[in-house]
Amino acid sequence: MPADEIIREKIKHLPNRPGIYKFFDENDEIIYVGKAVDIRKRVSSYFNKSTQHNKKTRKLISNIRNIQFTIVDTESDAFLLENNLIKQYQPKYNILLKDGKTYPYICITNERFPRVISTRNKINDGSKYYGPYASVTNMNVVLEMIRSLYPLRTCTYNLSPENIERGKFKVCLEYHIGNCKGPCENLYDEESYNQHILQIRSILSGNLSIAKAYFKDKMIAAAQEMQYEVAHSFKQKLDVLEDFQAKSTVVSNTLTNIDVFTITSNEKCAFINYLKVMNGAIIQTQSLEITKKLDESDADILATIIVQLRHDFESESKEILTNVELELPLNNVNITVPQIGDKRKLLNLSLKNVLYLRKEKESMNERSKDSNEVRIMETLKKDLRLSELPKHIECFDNSNIQGTTPVASMVCFRNAKPSKKDYRHFHIKTVVGPDDFASMYEIVTRRYRRLLDEDSPLPQLIVIDGGKGQLGMAVKALKDLGIYTQVAVISIAKRLEEIFYPGDTLPLYIDKKSESLRLLQRIRNEAHRFGITFHRERRNAGTLKTEITDIKGLGPTTAQKLLSKYKSVKKIKELSEAELIAEIGKAKTKILLDYFNQESTA
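Taking our numbering, the leading residue of the sequence shown gets 55, the next gets one more, and so forth.
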């Protein structure tokens, strides 16, 4: 049984229940995972409406060789199961956030006299982890601030009471320069140390108020006791906290813990920005570029990414702000698109970031394209041994089918891209009959005499579609115009893609995989296409003129209307009188039928 029939038979037995479905390819690998309220209806839509799908989706459908499904109780369960399966199998046609990064954390170790360190390995050892941080630089700023505020140990000693009692350790340089209080020699009590750790926990949770209140109280108390140097040291620590808070993006004191997601997209990519807000301040930011696999909507993409980013950044926020309407099966989480107030300002800030990301990426792509074009032209210059970079290339082609209606075409490429406004058609005027050589001489002469008369710049390269004969006539035309030494000219022969130079009997063969040859082939094929199209238009116009246009009283507009719809005079003759009247009216129908009747009796 053919693969299509097997798939359609499987669809008949799919349930009309919520769940997930998996598509497999010929190697029995999962290539797509989807969710649905009604599995059968959703899967059927891929095959019943295949003509409405875009190219990527049709490609997916063509690779499906098997279907499996899992029934769940609710749409919410289907969403979560789909997300887990995408992470597990990473199917080819699903949107994935799989950059392979491991983000760093700030860790407060689970030990006596805890250390505050950075790590990328989160271990279930009782330590407390904060993050992850999308930016290592931002994480280091927080660490440096904490180390400037609190005298924490950095050694890895086991500071158990027994080890300290036995005098097993000695203070190090960190103690002597004032960065550590020496708990290893019992010079600092555990209670005071743990009080610092509690304040660090609150700072890392986004709440600076506890630490600020502590240093302010210490400063005031020291000042009252006239310990002005001590008071000044606490004042400096308070200033550090104030400076850090000033540099943080404080959005609103009324906003607590919120996740903000915005998205914008083009045909190929989606751009996403994530802001994590805690205690009114933005503590995490992340911007992403996601390559679209199928024709996913912004809402579908964002729904998937929200779940993944909240998991990666361990967010427990109960409120999500977005710029697109969507529904997520997240328990006790409110998702809104704010229109006014502080929340709207916060959303606009995220949107500003994502639009900037899109602009930058698209600008980079354009610069990359420009770079590619320069590279291709440099390669072509090298391969053809040109003296100038071929920024302006023109290619000529003759078109005559069975010797009728000879015409010619010229296409122009600028910076390795078609410049269609510079394309030209030529009616052969001075040549009688099918003579490609003479026709080539005529059109090259006419083209460059025109450019010289208009004082327009000449191309750096002229390409002739044909062999040595056509090339020779093009060279003769350039010599007669006195510009042969000013322009490089070559010809490309179709059969073996041979490149001929004037006066050289041996052709040049460029590597078949070369970008140079691909560009020359593209230019040659474009000239051929452009010429053939023009030739067909001329031929059709000629046919129309001899068959219908000469009928007195009918006119070319009416003739063109009939021929465009019915494609041939034969089909027009087969129309009934009523059908002709409906198309062109009674008077013109009578003229046309009289002509056909005279023709049949002649």
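Note that the Cβ used here is the ideal one computed from N, Cα and C, for glycine as well. These numbers were taken from a predicted model, which means no experiment stands behind them.
Check, Outcome
"To the nearest angstrom, how far is it from the Cα of residue 143 to the Cα of residue 618?", "53 Å"
"Which residues in the same chain as residue 520 place their Cβ atom closer than 6 Å to its Cβ, once the five residues preceding and following it in sequence are excluded?", "545"
"Would you decide whether residue 532 is buried or exposed? Buried here means 16 or more other CB atoms lie within 10 Å of its CB.", "buried"
"Pull up the distance between the alpha-carbon of residue 117 and that of residue 88, whole angstroms please.", "16 Å"
"Residue 73 to residue 352, Cα distance in whole Å?", "22 Å"
"Excluding the five sequence neighbours on either side, which residues of its own chain have a C-beta within less than 6 Å of the C-beta of residue 443, listed in chain order?", "431, 435"
"Between the C-alpha atoms of residue 498 and residue 485, what's the straight-line distance to the nearest angstrom?", "13 Å"
"Which residue's Cα is closest to the Cα of residue 98: 80, 85, 75?", "75"
"Helix, strand or coil, according to DSSP, for residue 605 in the structure here?", "coil"
"Which term fits residue 624, buried or exposed, when burial requires 16 or more other beta carbons within 10 angstroms of its beta carbon?", "exposed"
"For residue 178, which three-state DSSP category applies?", "coil"
"Report yes or no: do three or more beta-carbon pairs, one from the region 494-510 and one from the region 532-542, lie closer than 8 Å?", "yes"
"Only counting the same chain, and skipping five residues up and downstream in sequence, which positions put a Cβ closer than 7 Å to that of residue 405?", "316, 377"
"By a C-beta neighbour count over all protein chains shown, 10 Å radius and 16 as the cutoff for buried, is residue 456 buried or exposed?", "In this prediction, residue 456 scores a pLDDT of 47, lower than 50, which makes its location untrustworthy; no coordinate-derived value is stated."
"May I ask which residues mark the beginning and end of the beta strand (DSSP E) holding residue 497?", "It is not in any beta strand (DSSP E) - residue 497 instead sits in the alpha helix (DSSP H) that spans 490-507."
"What are the start and end residues of the beta strand (DSSP E) that includes residue 552?", "552-554"
"Given a cut-off of 8 Å on the beta-carbon distance, is the pair residue 111 and residue 349 in contact?", "yes"
"Just how far apart, CA to CA, sit residue 140 and residue 361?", "12 Å"
"DSSP three-state call for residue 4: helix, strand or coil?", "Not covered by the structure: residue 4. The range shown for the chain is 55 to 656."
"Tell me whether residue 122 sits in a helix, a strand or coil according to DSSP, three-state version.", "strand"
"Out of 511, 166, 437, 195, point me to the one whose CA is closest to residue 565's CA.", "437"
"Return the Cβ separation of residue 258 and residue 328 in integer angstroms, given the expectation that the two are a contact with Cβ distance under 8 Å.", "Their Cβ separation, rounded to whole angstroms, is 19 Å, which puts residue 258 and residue 328 out of contact at 8 Å."
"For residue 134, I'd like the list of residues in its chain whose CB is within less than 7 Å of its CB, leaving aside the five on either flank, ordered along the chain.", "383"
"Whether or not the region 193-209 and the region 276-296 are in contact is what I'm after, with contact meaning three or more pairs of Cβ atoms, one per stretch, closer than 8 Å; do they touch?", "yes"
"Please look up how many angstroms separate the CB atoms of residue 347 and residue 148, rounded, as I've assumed it's under 8 Å.", "6 Å"
"Quick check on residue 380: does DSSP put it in helix, strand or coil?", "coil"
"Return the chain-ordered ranges of every beta strand (DSSP E) run that is complete within the region 355-403 and spans a minimum of 3 residues.", "373-376, 388-390"
"Helix, strand or coil for residue 173? Go by DSSP, reduced to three states.", "strand"
"Under a three-way DSSP split, which group does residue 515 fall into?", "strand"
"Please report the straight-line C-alpha distance between residue 206 and residue 332, rounded to a whole angstrom.", "26 Å"
"Considering only the beta carbon of each residue, do residue 607 and residue 645 sit closer than 8 Å?", "yes"
"Any idea if residue 167 is buried or exposed, counting beta-carbon neighbours within 10 angstroms, 16 or more meaning buried?", "buried"
"Would you kindly work out how many angstroms separate the C-alpha atoms of residue 66 and residue 136, rounded to a whole number?", "22 Å"
"At 4 residues or longer, what runs of the alpha helix (DSSP H) sit wholly inside the region 215-277?", "215-219, 227-230, 244-258"
"Give me the Cα-Cα distance between residue 473 and residue 447, rounded to the nearest whole angstrom.", "10 Å"
"Just how far apart, CA to CA, sit residue 439 and residue 492?", "28 Å"
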